[in-house]
Amino acid sequence: MMKKIIFFASCFCLLAFSAADDPYRFFTWYVTYGDIWPLGVKQQGILINGQFPGPQIQAVTNDNLIINVHNYLREPFLISWNGLLQRRNSWQDGVYGTNCPIPPKGNSTYILQVKDQIGSYFYFPSLALHKAAGGFGGIRILSRPRIPVPFDPPAGDFTLLVGDWYKANHYDLKRTLDNGYTLPFPDGLLINGRGWNGNTFTVDQGKTYRFRISNVGLTTCINIRFQGHAMKLVEVEGSHTVQNNYYALDICMGQSYSVLVTANQPPRDYYIATSTRFTAQVLTTTAILHYRNSLGRPIGAPPGGPTTQIDWSLNQARSIRWNLTASGPRPNPQGSYHYGLINTVRTIRLANSWGIINGKQRFAVNSASFSPPDTPMKLADYYKIGGVFSVGSIPDYPTFGGMCLQASVMAANFRDYVEIIFENYENAAQSWHIDGYSFWVVGMDGGQWSPESRKGYNLRDAVSRCTVQVYPRSWTAVYLPLDNVGMWNIRSEDWARQYLGQQFYLRVFSPANSWRDEYPIPKNALLCGRASGRKTRPL
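If you count by mature numbering (1 follows the signal peptide of the UniProt record, and there is no 0), then the sequence shown holds residues -20 to -1, 1 to 519, one letter each, in order.
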């Protein structure tokens, strides 16, 4: 009993940094192996509380989430929160550059606040190739009751976790990469952990439903269609959007979208179809949109995806814009943030590349291929442990030279406003995520970026999000306000590329060393590597 008292006391000490009046939501998760059959073949999956996918997190803006994770796997484990900003608190980011893994038979408590956030996100296991075995789930952050939402309350709210899947065990996939080879093409697509027609979403005729769609796959962008029904886009990763209708919608790795679908067709079953994009071989799978008074099975074949490639997708991506009159998580309209009137102080160009290092396939950013050090870099920075990483070990611009292994860290100043250009010189679509931040997607186009490209930037109503696609042989530009101190992961959402080095860390530094800028190390932080045996700061 005493151990429990001590544990909760430490939790509530940490929670003193959150608003005292904001509610707390407590979760206890048990991470285990279990048998799953997502493509009709028995596999070893990673389950959370016996579930694949894992349990849904539902919260309201500013809620405090206390998530106690028990690891019953045979290997270390970490969970990351794709899109949760964690203001002043990169200690809870759940990636190896900031956190020690939870050891087998160990546990760790994540203490998060969804501060000033709304929208659709997901969590996932961030170590090794665990994501290929499960361990992911949806996150919904609802608006506070007094904050208006720019659409009527839907009759239902569904989460669709969509992505490519391998029949191979995640150990075998990791071994393939460790031996210097690339992964084969995926074996199929899943919707909520199931293959063809494995899910049914029941609706009532005449009512409107919200579908939150996240691409939780490893390697491919997907496209989604609702047979005979329009999708009205209303939210992208925490931003309310201009409410355009789409009949086919691209969603790249790591991205999340919310659409409204009105059940306004004759009462029968309809296909929800997904397929891969920008791949020579096209994978498809379906779920069922079932009218409660259905008169029969779907008629005809599932709707096909787009047949044109980059131009079609570029035009669609440019059409996704911020709803300037809608509120975000606060009462003020999204259009009150005049991001286009602020001068940037720095331009960072990031180019993905691939090559061979020590006889093995690797991937890189600006020729630096990330190699994890023996100690999480956030801990090394806090305890001033030398020799773990070097700030400035990745350049601001592509070098187009030979690749090298680095614990890559880029220096950045708190409150700077920067322009980042993601450049893709390859024939495959890329997807990039920045932990701890949202950014404005001000431009994208085919070909090579140049300063002249700025003339085409959208400086009025570009959407704000945390994960952005870069089409084959194209570029994407974002504006990023560096308003969150910490050590933050910038990575490819193609998980094989991320694992083999296409990532780095941005060290956003404030010389004030104030708790107003960044919370201190949690008292319950796990310590490992050269930080083992150190003491955390008392609170």
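Idealized CB from N, CA, C, for every residue including glycine.
Which runs of the alpha helix (DSSP H), 4 residues or longer, sit entirely within the region 99 to 186?
As far as the region 99 to 186 is concerned, its whole alpha helix (DSSP H) runs of at least 4 residues are 150 to 158.
Less than 8 angstroms between the CB atoms is what I'm expecting for N203 and L229, so what's the real figure, rounded?
Locating residue 203 in the sequence shown gives position 223, counting from the first residue. Locating residue 229 in the sequence shown gives position 249, counting from the first residue. The Cβ separation is near 7 angstroms, so the contact holds.
Where DSSP assigns a beta bridge to S255, which residues make up the other side?
Mapped onto the sequence shown, residue 255 falls at position 275. Note: S255 sits in a beta bridge opposite N203, T264.
N62: which of F191, G366, A511, R471 sits nearest, CA to CA?
Position 82 of the sequence shown, counting from 1, holds the residue named residue 62. The shortest C-alpha separation from N62 is found at R471.
Look at the alpha carbon of V389 and the alpha carbon of V75, and state the distance between them as a whole number of angstroms.
Locating residue 389 in the sequence shown gives position 409, counting from the first residue. Locating residue 75 in the sequence shown gives position 95, counting from the first residue. The alpha-carbon atoms of V389 and V75 are separated by roughly 14 angstroms.
Per-residue DSSP class, three states only, for M424
Taking the sequence shown and counting its residues from 1, the one referred to as residue 424 is at position 444. Correct three-state label for M424: strand.
Using a Cβ-Cβ cut-off of 7 angstroms (strictly less than) and excluding sequence neighbours within five positions of T259, which residues of its own chain qualify?
Looking up residue 259 in the sequence shown gives position 279. Within the same chain, T259 has close Cβ partners T200.
Quick one: grab the DSSP three-state call for W429.
For the purposes of this step, residue 429 is identified with residue 449 of the sequence shown, where counting begins at 1. Under the three-state reduction of DSSP output, W429 falls in the coil class, being neither helix nor strand.
Compute the distance between the beta-carbons of F131 and L58, then report whether it is under 8 angstroms.
Locating residue 131 in the sequence shown gives position 151, where the first residue counts as 1. Locating residue 58 in the sequence shown gives position 78, where the first residue counts as 1. No; because the gap between Cβ atoms is not below 8 angstroms, this pair is not in contact.
Any idea what DSSP makes of D73, helix, strand or coil?
Taking the first residue of the sequence shown as position 1, residue 73 is located at position 93. It is coil, neither helix nor strand.
Could you check where the beta strand (DSSP E) with R471 kicks off and where it finishes?
Locating residue 471 in the sequence shown gives position 491, where the first residue counts as 1. Its beta strand (DSSP E) spans residues 466 to 472.
Where does S60 land, buried or exposed, given buried means 16+ other C-beta within 10 angstroms?
Here residue 60 is taken as the residue at index 80 of the sequence shown, counted from 1. It counts as buried.
Helix, strand or coil, according to DSSP, for N295 in the structure here?
The residue you call residue 295 lines up with position 315 of the sequence shown. If DSSP states are grouped into helix, strand and coil, N295 belongs with the helices.
Would a C-beta distance cut-off of 8 angstroms place Q449 and F343 closer than the cut-off?
The sequence position of residue 449 within the sequence shown is 469, counting from 1. The sequence position of residue 343 within the sequence shown is 363, counting from 1. Result no, Cβ atoms of Q449 and F343 do not sit closer than 8 angstroms.
Tell me the residue span of the alpha helix (DSSP H) that contains R326.
What you label residue 326 is simply residue 346 of the sequence shown in a count that begins at 1. Counting along the chain, R326 falls outside any alpha helix (DSSP H), though it belongs to the beta strand (DSSP E) covering 326 to 337.
To the nearest angstrom, how far is it from the Cα of G175 to the Cα of A391?
Mapped onto the sequence shown, residue 175 falls at position 195. Mapped onto the sequence shown, residue 391 falls at position 411. Between G175 and A391, the C-alpha separation is close to 44 angstroms.
Can you list, in chain order, the residues of its chain whose CB lies under 6 angstroms from that of G14, leaving out five sequence neighbours each side?
The residue labelled residue 14 in the question sits at position 34 within the sequence shown. Once the five neighbours on either side are set aside, the close Cβ partners of G14 are G25, L27.
Where I322 falls, given that 16 or more other Cβ within 10 Å makes a residue buried
Walking along the sequence shown from the start, residue 322 turns up at place 342. Exposed, because fewer than 16 other Cβ atoms sit within 10 Å of the Cβ of I322.
Contact set for P491: own chain, Cβ-Cβ below 7 angstroms, skip 5 residues either direction:
Along the sequence shown, read from residue 1 onward, the residue named residue 491 stands at position 511. Nothing listed; no residue qualifies.
Is the region 452 to 471 touching the region 410 to 424, taking contact as three or more C-beta pairs under 8 angstroms?
yes
Express the C-alpha separation of P311 and R126 in angstroms, rounding to a whole number.
Within the sequence shown, the letter at position 146 stands for residue 126. Within the sequence shown, the letter at position 331 stands for residue 311. So the alpha carbons of these two residues sit roughly 8 angstroms apart.
Between P247 and R301, what straight-line distance do the alpha-carbon atoms span, to the nearest angstrom?
Taking the sequence shown and counting its residues from 1, the one referred to as residue 247 is at position 267. Taking the sequence shown and counting its residues from 1, the one referred to as residue 301 is at position 321. Roughly 33 angstroms separates the two Cα atoms.
What's the gap between the Cα of F380 and the Cα of A108?
Residue numbering aside, residue 380 sits at position 400 when the sequence shown is read from its first letter. Residue numbering aside, residue 108 sits at position 128 when the sequence shown is read from its first letter. The alpha-carbon atoms of F380 and A108 are separated by roughly 28 angstroms.
Could you name the residues of the same chain whose beta carbon sits closer than 8 angstroms to that of P133, not counting the 5 residues immediately before and after it, in chain order?
By one-based count along the sequence shown, residue 133 stands at place 153. So no residue of the chain qualifies.
Would you mind giving the Cβ-Cβ distance between L480 and L157, rounded to the nearest angstrom? I have them listed as a contact below 8 angstroms.
On the sequence shown, residue 480 is found 500 positions in, with the first residue counted as 1. On the sequence shown, residue 157 is found 177 positions in, with the first residue counted as 1. About 6 angstroms separates the two Cβ atoms, so the contact holds.
Rounded to whole angstroms, how far is the Cβ of S347 from the Cβ of G372, which I believe are closer than 8 angstroms?
To locate residue 347, count along the sequence shown from 1; it is residue 367. To locate residue 372, count along the sequence shown from 1; it is residue 392. So it is not a contact: roughly 14 angstroms between Cβ atoms.
Skipping 5 residues on each side, what residues in its chain have a beta carbon closer than 6 angstroms to that of L506?
In the sequence shown, residue 506 corresponds to position 526, counting from 1. Excluding positions up to five away in sequence, the list reads C80, S88.
Go ahead and label Y250 buried or exposed: buried means 16 or more other beta carbons lie within 10 angstroms of its beta carbon, across all protein chains shown.
Within the sequence shown, the letter at position 270 stands for residue 250. Per the 10 Å Cβ criterion, buried.
What does DSSP give as the partner residue(s) for residue 533 in the beta ladder?
Nothing about residue 533 can be reported from this structure: the residues present for the chain run from -20 to 519 only.
Using a Cβ cut-off of 8 angstroms (strictly closer), state whether P246 contacts chain C.
Looking for chain C here will not work: only one protein chain is present.
Residue(s) in a DSSP beta bridge with K340:
In the sequence shown, counting from the first residue as 1, residue 340 sits at position 360. Its beta-bridge partners are I337.
Validate contact between the region 399 to 406 and the region 47 to 57 using beta carbons, cut 8 angstroms, 3 pairs
no
Please report the straight-line C-alpha distance between P84 and C508, rounded to a whole angstrom.
Mapped onto the sequence shown, residue 84 falls at position 104. Mapped onto the sequence shown, residue 508 falls at position 528. One C-alpha to the other measures close to 14 angstroms.
For M390: DSSP bridge partner residues:
Numbered from its first residue, the sequence shown carries residue 390 at position 410. Per DSSP, L486.
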